[in-house]
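Novice: Pasting in a structure now, in structure tokens, and then I'll have a few things to ask.
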């Protein structure tokens with residue numbers, strides 16, 4: 108049985124929302140992650156610190172399924188992502204927000220439209236409601252309201268990060284990944 112955000116009753120008895128077990132990732136001949144294991148519990152804030160090239164972004168991309176792993180398992184909300192059905196994967200993806208290292212905003216879209224991308228992909232909402240929700244997220248991250256109609260090329264680096272954060276928060280995710 109799921110609650111309003113898609114959480115199952117089993118999740119409430121087990122606070123682990125992300126489990127990584129013995130994950131190994133290599134790029135070519137270079138071993139990046141070697142049998143890494145970790146658990147992240149609901150409400151926990153975890154940061155990874157390391158030198159450039161240490162594997163922080165590789166770990167994030169592997170968890171998100173954007174980079175292949177050689178071995179190991181990754182479970183989100185109690186579901187092994189390698190064995191998840193398309194429907195389960197969709198439910199998981201809707202519960203994740205991601206802010207990539209360089210913002211990854213679409214250059215041909217305004218800030219408002221960029222924030223609405225996850226809404227358009229996963230929800231069936233009227234345009235007026237998407238506009239209102241996107242403006243709430245834009246204001247939440249401290250951007251001025253006039254930034255909504257600007258394109259990424261018209262923003263400072265800090266404003267790009269905040270716009271990308273607004274997009275990461277668009278669906279009120281259970282987990283937010285910040286690269």
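Residue numbers (the numbering used here): 108 to 286.
Positions of the beta carbon are idealized from the N, C-alpha and C atoms, including for glycine.
What do you reckon, are the CB atoms on residue 163 and residue 130 nearer than 8 Å?
Specialist: In this structure, residue 130 does not lie closer than 8 Å to residue 163 by Cβ.
Novice: So, with DSSP's three-state summary, where would you put residue 131?
Specialist: Correct three-state label for residue 131: strand.
Novice: Check residue 180 in the structure and name its three-state DSSP category.
Specialist: Reduced to three states, the DSSP call for residue 180 is strand.
Novice: Rounding to the nearest angstrom, what Cα-Cα distance links residue 203 and residue 141 in this structure?
Specialist: Residue 203 and residue 141: Cα-Cα distance of roughly 25 Å.
Novice: Among 252, 182 and 223, which has the Cα closest to the Cα of residue 235?
Specialist: Considering only alpha carbons, the answer is 223.
Novice: Are residue 244 and residue 215 touching if we call contact CB-CB under 8 Å?
Specialist: Not in contact: residue 244 and residue 215 (Cβ atoms no closer than 8 Å).
Novice: Is the segment 122-136 touching the segment 144-154 in the sense that three or more CB pairs, one from each, lie closer than 8 Å?
Specialist: Contact between the segment 144-154 and the segment 122-136 is present, because at least three Cβ pairs lie under 8 Å.
Novice: Output the boundary residues of the alpha helix (DSSP H) element that contains residue 164.
Specialist: Element bounds for residue 164: 163-170.
Novice: Specify whether the segment 191-210 and the segment 253-273 touch according to this definition: at least 3 beta carbon pairs, one from each stretch, less than 8 Å apart.
Specialist: Enough Cβ pairs lie closer than 8 Å, so yes.
Novice: From residue 238 to residue 254, what does the alpha carbon distance come to, in whole angstroms?
Specialist: Computed Cα separation, rounded: 13 Å.
Novice: Given a cut-off of 8 Å, decide if residue 128 and residue 185 are closer than it, judged by their beta-carbon atoms.
Specialist: The answer is no: Cβ separation not under 8 Å.
Novice: Report the three-state DSSP secondary structure of residue 139 (helix, strand or coil).
Specialist: If DSSP states are grouped into helix, strand and coil, residue 139 belongs with the strands.
Novice: Using the Cβ count rule (16 or more neighbours within 10 Å means buried), how would you classify residue 247?
Specialist: Exposed is the call here.
Novice: Does the distance from the CB of residue 171 to the CB of residue 205 come in under 8 Å?
Specialist: Closer than 8 Å, so yes.
Novice: Between residue 171 and the ligand PLP, is there a pair consisting of the residue's CB and a ligand heavy atom that are separated by less than 7 Å?
Specialist: Inclusion of the ligand PLP in the displayed structure is not the case, the ligand content being empty and no account of it being possible.
Novice: Roughly how many angstroms separate the alpha carbons of residue 139 and residue 181, rounded to a whole number?
Specialist: So the two alpha carbons sit approximately 16 Å from each other.
Novice: Write down the C-beta distance between residue 226 and residue 277 rounded to the nearest angstrom, noting that I regard them as a contact closer than 8 Å.
Specialist: At roughly 6 Å, the Cβ-Cβ gap stays under 8 Å, so residue 226 and residue 277 are in contact.
Novice: Residues in the same chain with beta-carbon distance under 7 Å from residue 269, minus the five sequence neighbours each way, listed in chain order, please.
Specialist: Same-chain partners within the cutoff: 248, 249 and 250.
Novice: Mapping DSSP to helix, strand and coil, what is residue 263?
Specialist: Of the three classes helix, strand and coil, the one that applies to residue 263 here is coil, per DSSP.
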